[in-house]
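Trainee: So the sequence lines, in the order shown, correspond to chains A and B.
Everything in the first sequence is counted per UniProt numbering, starting at 1 for the first residue and increasing by one.
Everything in the second sequence is counted per UniProt numbering, starting at 1 for the first residue and increasing by one.
Number of protein chains: 2
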Amino acid sequence: MARSDTRFREAYNRILDYCGALPPGSVMPSETGLAEIAGVSRTIIRRCLGRMEETGLLAWSGREKLLLRAPLAEDRIDLLRPEGGAEDLEQRFLDWVLRFDVPAGTALSVAELSRHFDVPQHELKEFLAGLSRFGLVSRRPQGGWMLLGFTRDFAIELSDFRSVLELDAVARLAEAPVDHPVWAELAELRAAHLRLRAAIETDFHAFSKLDERFHQALNSVVTNRFTAEFQKVISLIFHYHFMWDKTEEKTRNAAAIEEHLEIIDALEARDAPAAQAAAGRHLRTSKTTLLSSLRHHELA
Amino acid sequence: MARSDTRFREAYNRILDYCGALPPGSVMPSETGLAEIAGVSRTIIRRCLGRMEETGLLAWSGREKLLLRAPLAEDRIDLLRPEGGAEDLEQRFLDWVLRFDVPAGTALSVAELSRHFDVPQHELKEFLAGLSRFGLVSRRPQGGWMLLGFTRDFAIELSDFRSVLELDAVARLAEAPVDHPVWAELAELRAAHLRLRAAIETDFHAFSKLDERFHQALNSVVTNRFTAEFQKVISLIFHYHFMWDKTEEKTRNAAAIEEHLEIIDALEARDAPAAQAAAGRHLRTSKTTLLSSLRHHELA
DNA sequence: TTTATGTATCAAATAATAAAAAACATCGTG
DNA sequence: CACGATGTTTTTTATTATTTGATACATAAA
Numbered sequence: 001m002a003r004s005d006t007r008f009r010e011a012y013n014r015i016l017d018y019c020g021a022l023p024p025g026s027v028m029p030s031e032t033g034l035a036e037i038a039g040v041s042r043t044i045i046r047r048c049l050g051r052m053e054e055t056g057l058l059a060w061s062g063r064e065k066l067l068l069r070a071p072l073a074e075d076r077i078d079l080l081r082p083e084g085g086a087e088d089l090e091q092r093f094l095d096w097v098l099r100f101d102v103p104a105g106t107a108l109s110v111a112e113l114s115r116h117f118d119v120p121q122h123e124l125k126e127f128l129a130g131l132s133r134f135g136l137v138s139r140r141p142q143g144g145w146m147l148l149g150f151t152r153d154f155a156i157e158l159s160d161f162r163s164v165l166e167l168d169a170v171a172r173l174a175e176a177p178v179d180h181p182v183w184a185e186l187a188e189l190r191a192a193h194l195r196l197r198a199a200i201e202t203d204f205h206a207f208s209k210l211d212e213r214f215h216q217a218l219n220s221v222v223t224n225r226f227t228a229e230f231q232k233v234i235s236l237i238f239h240y241h242f243m244w245d246k247t248e249e250k251t252r253n254a255a256a257i258e259e260h261l262e263i264i265d266a267l268e269a270r271d272a273p274a275a276q277a278a279a280g281r282h283l284r285t286s287k288t289t290l291l292s293s294l295r296h297h298e299l300a
Numbered sequence: 001m002a003r004s005d006t007r008f009r010e011a012y013n014r015i016l017d018y019c020g021a022l023p024p025g026s027v028m029p030s031e032t033g034l035a036e037i038a039g040v041s042r043t044i045i046r047r048c049l050g051r052m053e054e055t056g057l058l059a060w061s062g063r064e065k066l067l068l069r070a071p072l073a074e075d076r077i078d079l080l081r082p083e084g085g086a087e088d089l090e091q092r093f094l095d096w097v098l099r100f101d102v103p104a105g106t107a108l109s110v111a112e113l114s115r116h117f118d119v120p121q122h123e124l125k126e127f128l129a130g131l132s133r134f135g136l137v138s139r140r141p142q143g144g145w146m147l148l149g150f151t152r153d154f155a156i157e158l159s160d161f162r163s164v165l166e167l168d169a170v171a172r173l174a175e176a177p178v179d180h181p182v183w184a185e186l187a188e189l190r191a192a193h194l195r196l197r198a199a200i201e202t203d204f205h206a207f208s209k210l211d212e213r214f215h216q217a218l219n220s221v222v223t224n225r226f227t228a229e230f231q232k233v234i235s236l237i238f239h240y241h242f243m244w245d246k247t248e249e250k251t252r253n254a255a256a257i258e259e260h261l262e263i264i265d266a267l268e269a270r271d272a273p274a275a276q277a278a279a280g281r282h283l284r285t286s287k288t289t290l291l292s293s294l295r296h297h298e299l300a
């Protein structure tokens, strides 16, 4: 009927672990000290000590805290929820949207999503509030939320925004110092691209992963929290769409490999204008591909 | 003990308004029709009709709905909360952070903020969740939230991000069609800058508003939801800092006017490279100013 | 057969509440 | 008597429960 005591349970086990490393009969640290060890407040520590006393693990009176015996496995409390996958909610949500092609304008029910993703409602609300900053969802006048993307406009704006960010990344990369780890990664990427080009007839499916790695490498020179936040969303959306769009996949991937190689060539030659031009061409191709994959979806 | 019935109250008054325009004795539209008129669900409409019947405004039985008399001012229900200013929470929150120079790492208490801004707690939680996407706040391990910005790193990254966006805007502007409204706005802005330059000795305070207008004009050619979302935050932060940093204000503003004029000159000449260069210079100045204003704050 | 109303179900907003954190007061000991 | 520890109280947070509102379904009138 109120908040869960997960925090207490976890702390209790952590304190038991700590006691396990202590010889029986030793005096325990102060409440404040234990609080620091377990990373929780004194309130929780006192509850832990209380329970340890009940269990006969501890003789406790005032500031006399004597550990009576080493804690056993049975002494631990088990955590109710086996660590809900509330972590990668973003990944799972976008996956759901793209995989099932949830149309723009769909009403999103927090209750339903909460059940589907096995995440408490209030966490979902916070998550949606965050997404609304990216223009992916918005509040409905009659309450609740609705999905805004994935319209054609959204795809265009996303592509444009991506271009802006990535062209900047390329510009910076061209001026990165020689000892920057990105150069080693680029060399490896070149080799990987050449290998895939040779085996394109059979392995063209492998390109998607390579593409993601390539773009991640380009952006690795930009250490900017705003850019980073967007890249997560951008890369997810682009890659899911490319994965699902099977039209001309082999030709498309072969062409993209050439474009990537052109970018790598220009970068390694430290020819910034050429790199910009090559990256611009590649980003325009990507945009076209994204838009056409949307069109196919709409027709289906 | 649960959600408020504000929605009902507002709808009831709206329905009364609608009835006021109707001659007494007339039959009222269907429930669904009324629902559409009031922008609300049938559930609420039925509650409204029920109340109107009790008040003697309406004879209601099945689908016979006869308006008995014209509604009076006394018939209206008054809304409890006199329209809380929950709208521009973003503005007010950033204002508070910058005005009181809330240091990075400060714990933000939802309860306290809720009282201070007179906004329900859950709205604040959603708001903070949104801000966390911008890296301005984050969750604390022991629960609750903390303010991350305004560190030096944050300022640098924000400035860089702003530069990327705005240089792109300038590039697009240089290629905007002649009939785009931005050209008229730029002409006006040039005149305003010249006027202010002539009166700089006395009116230098007026620059802040002009600066905001200028940057808004530049970005007006980019219609992109992602850019737009950021511009709100960016412009707020920059302008508050400039407003509070009084060191060398006159000299600073005079220099900025020249930089603005250079940009306008290049744009009107459709000289894209020159515009880029001028904008780059100006953005670098802005960044320096922002950073030095932080330093002054830190010393104080 | 269509359109309106009656009814039931489900979701959203928000107050209420247990758990946890933080603040405060008091005590014990070197 | 000062410092650090514990005892106690106050606040705050996470989470549930409850009421209002939205929506889907069933039924009846035109």
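Each residue gets a CB set at the ideal place from its N, CA and C atoms; glycine is no exception.
(1) Just tell me which of Phe238(B), Asp118(B), Arg115(B) and Arg51(B) has its CA closest to the CA of Asn13(B).
(2) Using a beta-carbon distance below 7 Å, is Phe226(A) in contact with chain B?
(3) Which residues share a DSSP beta bridge with Ala59(A)?
(4) Give the straight-line distance between the Cα atoms of Arg24(B) and Glu53(B), rounded to the nearest whole angstrom.
(5) So His296(B) packs on Thr251(B), CB below 8 Å; how close in whole Å?
(6) Only counting the same chain, and skipping five residues up and downstream in sequence, which positions put a Cβ closer than 7 Å to that of Ala300(A)?
(7) Measuring alpha carbon to alpha carbon, tell me which residue in Pro177(B), Leu158(B), Arg9(B) and Leu148(B) is nearest Pro103(B).
(8) Taking the beta carbon of Glu175(A) as the centre, do at least 16 other beta carbons fall within 10 Å, making it buried, or is it exposed?
(9) Just mark Leu16(B) as buried or exposed, buried being the case when its beta carbon has 16 or more other beta carbons within 10 Å.
(10) Can you check whether the CB of Ala269(B) is closer than 7 Å to the CB of Val170(B)?
(11) Who are the Cβ neighbours of Ala107(A) in its own chain at under 7 Å, not counting the five residues just before and after it?
(12) Measure the alpha-carbon distance for Leu267(A) versus Leu173(A) and round it to whole angstroms.
(13) With H, G and I counted as helix, E and B as strand and the rest as coil, what does DSSP make of Val178(B)?
(14) Tell me, to the nearest whole angstrom, how far the beta carbon of Ile44(A) is from that of Ala11(A); I am working on the premise that it is less than 8 Å.
(15) On the DSSP bridge assignment, give the partners of Arg139(B) in chain order.
(16) Which two residues bound the contiguous alpha helix (DSSP H) that contains Glu229(B)?
(17) Answer yes or no: does any C-beta atom of chain B fall closer than 7 Å to that of Glu10(A)?
(18) Going by DSSP, name the residue or residues bridged to residue 345(B).
(19) Check whether the Cβ atoms of Ile89(B) and Val119(B) sit closer than 7 Å, and answer yes or no.
(20) Anything in chain A within Cβ reach of Phe117(B), meaning under 7 Å, just list it in chain order.
(21) List the residues of chain A that Glu258(B) touches, going by C-beta distances under 7 Å, in chain order.
(22) Within the chosen definition, does the stretch 200-210 of chain B reach the stretch 115-132 of chain B through at least 3 CB pairs nearer than 8 Å?
(23) Look at the alpha carbon of Thr285(B) and the alpha carbon of Ala256(B), and state the distance between them as a whole number of angstroms.
(24) On a Cα-Cα basis, can you pick out the residue from Leu194(B), Arg195(B), Glu166(B) and Thr288(B) that is closest to Ser235(B)?
(25) Quick check on Val27(A): does DSSP put it in helix, strand or coil?
(26) Where does Pro71(A) land, buried or exposed, given buried means 16+ other C-beta within 10 angstroms?
(27) Which residue's Cα is closest to the Cα of Thr151(B): Lys287(B), Leu294(B) and Gln216(B)?
(28) Using a Cβ-Cβ cut-off of 7 Å, state whether Arg133(B) counts as contacting chain A.
(29) Just the chain A side, please: which residues come within less than 9 Å of residue 308(B) by C-beta, in chain order?
(30) Helix, strand or coil for Leu79(B)? Go by DSSP, reduced to three states.
(31) By how many angstroms is the C-alpha of Arg42(B) removed from the C-alpha of Val137(B)?
(32) In terms of residue numbering, what span does the alpha helix (DSSP H) encompassing Glu268(A) cover?
(33) Please decide whether Ala129(A) counts as near chain B, where near means a Cβ-Cβ distance under 7 Å.
(34) From Ala192(B) to Asn224(B), what distance separates their C-alpha atoms?
Mentor: In brief:
(1) As a position in the second sequence, residue 13(B) is number 13, starting the count at 1. Out of Phe238(B), Asp118(B), Arg115(B) and Arg51(B), the CA that lies nearest to the CA of Asn13(B) is found in Arg51(B).
(2) The residue given as residue 226(A) occupies position 226 in the first sequence. Yes, because at least one Cβ of chain B sits closer than 7 Å to the Cβ of Phe226(A).
(3) Counted from its first residue, the first sequence places residue 59(A) at position 59. Assignment of beta-bridge partners to Ala59(A) by DSSP yields Leu66(A).
(4) Within the second sequence, numbered from 1, the residue matching residue 24(B) stands at position 24. Within the second sequence, numbered from 1, the residue matching residue 53(B) stands at position 53. Here residue 24(B) turns out to be Pro, not Arg, going by the sequence shown. Their Cα atoms are separated by approximately 14 Å.
(5) Counting from one through the second sequence, the residue named residue 296(B) turns up at place 296. Counting from one through the second sequence, the residue named residue 251(B) turns up at place 251. That belief does not hold up - the Cβ atoms of His296(B) and Thr251(B) are roughly 15 Å apart, past 8 Å.
(6) Residue mapping note: residue 300(A) aligns to position 300 of the first sequence, counting from 1. Any answer about Ala300(A) is weak, because its pLDDT of 46 lies below 50 and its placement is not dependable; what the coordinates show is given next. The answer is none, since no qualifying residue turns up.
(7) As a first step, residue 103(B) is located in the second sequence; it is residue number 103 there, counting from the start. That would be Leu148(B), whose Cα lies nearest to the Cα of Pro103(B).
(8) Here the question's residue 175(A) lines up with position 175 in the first sequence. Exposed is the call here.
(9) Taking the first residue of the second sequence as position 1, residue 16(B) is located at position 16. Under this definition Leu16(B) is a buried residue.
(10) In the second sequence, the residue the question calls residue 170(B) occupies position 170. In the second sequence, the residue the question calls residue 269(B) occupies position 269. No, they are not a contact pair.
(11) By one-based count along the first sequence, residue 107(A) stands at place 107. Only residues of its own chain outside the window of five on either side were considered, and among them Arg140, Gly144 and Met146 have a CB closer than 7 Å to the CB of Ala107(A), listed in chain order.
(12) Looking up residue 267(A) in the first sequence gives position 267. Looking up residue 173(A) in the first sequence gives position 173. Between Leu267(A) and Leu173(A), the C-alpha separation is close to 7 Å.
(13) As a first step, residue 178(B) must be located in the second sequence, where it is residue number 178. Coil at Val178(B), not helix or strand.
(14) Your numbering for residue 44(A) matches position 44 in the first sequence. Your numbering for residue 11(A) matches position 11 in the first sequence. About 5 Å separates the two Cβ atoms, so the contact holds.
(15) Against the second sequence, residue 139(B) aligns to sequence position 139. In the DSSP output, where bridge partners are listed per residue, Arg139(B) has Trp145(B).
(16) Looking up residue 229(B) in the second sequence gives position 229. Looking at the DSSP string, the run of the alpha helix (DSSP H) that includes Glu229(B) is Arg225 to Trp244.
(17) Stepping through the first sequence from its first residue, residue 10(A) is reached at position 10. So, not an interface residue.
(18) Residue 345(B) cannot be examined here, being either before or after the span of chain B that is shown, 1 to 300.
(19) As a position in the second sequence, residue 89(B) is number 89, starting the count at 1. As a position in the second sequence, residue 119(B) is number 119, starting the count at 1. The question names Ile, yet the displayed sequence has Leu at residue 89(B). In contact: Leu89(B) and Val119(B) (Cβ atoms closer than 7 Å).
(20) In the second sequence, the residue the question calls residue 117(B) occupies position 117. Near Phe117(B) there are no residues of chain A at all, since even the closest Cβ is about 16 Å away, more than 7 Å.
(21) Start at 1 with the first residue of the second sequence, and residue 258(B) comes out as number 258. Under the 7 Å cutoff, chain A gives no residues; its nearest Cβ is about 26 Å from Glu258(B).
(22) no
(23) As a first step, residue 285(B) must be located in the second sequence, where it is residue number 285. As a first step, residue 256(B) must be located in the second sequence, where it is residue number 256. Roughly 8 Å separates the two Cα atoms.
(24) As a position in the second sequence, residue 235(B) is number 235, starting the count at 1. Nearest option by C-alpha distance: Glu166(B).
(25) The sequence position of residue 27(A) within the first sequence is 27, counting from 1. Strand at Val27(A).
(26) Here residue 71(A) is taken as the residue at index 71 of the first sequence, counted from 1. Pro71(A) comes out buried.
(27) Start at 1 with the first residue of the second sequence, and residue 151(B) comes out as number 151. Nearest C-alpha to Thr151(B): Leu294(B).
(28) The residue labelled residue 133(B) in the question sits at position 133 within the second sequence. Chain A, which has a Cβ nearer than 7 Å to the Cβ of Arg133(B), makes this yes.
(29) Residue 308(B) lies beyond the range of chain B shown here (1 to 300); nothing can be said about it.
(30) The count along the second sequence starts at 1 and reaches residue 79(B) at position 79. Leu79(B): coil per DSSP, three-state reduction.
(31) By one-based count along the second sequence, residue 137(B) stands at place 137. By one-based count along the second sequence, residue 42(B) stands at place 42. The alpha-carbon atoms of Val137(B) and Arg42(B) are separated by roughly 41 Å.
(32) Residue numbering aside, residue 268(A) sits at position 268 when the first sequence is read from its first letter. Looking at the DSSP string, the run of the alpha helix (DSSP H) that includes Glu268(A) is Glu249 to Glu268.
(33) Position 129 of the first sequence, counted from the first residue, corresponds to residue 129(A). Yes, contact with chain B.
(34) Residue numbering aside, residue 192(B) sits at position 192 when the second sequence is read from its first letter. Residue numbering aside, residue 224(B) sits at position 224 when the second sequence is read from its first letter. Straight-line Cα distance between these residues: approximately 28 Å.
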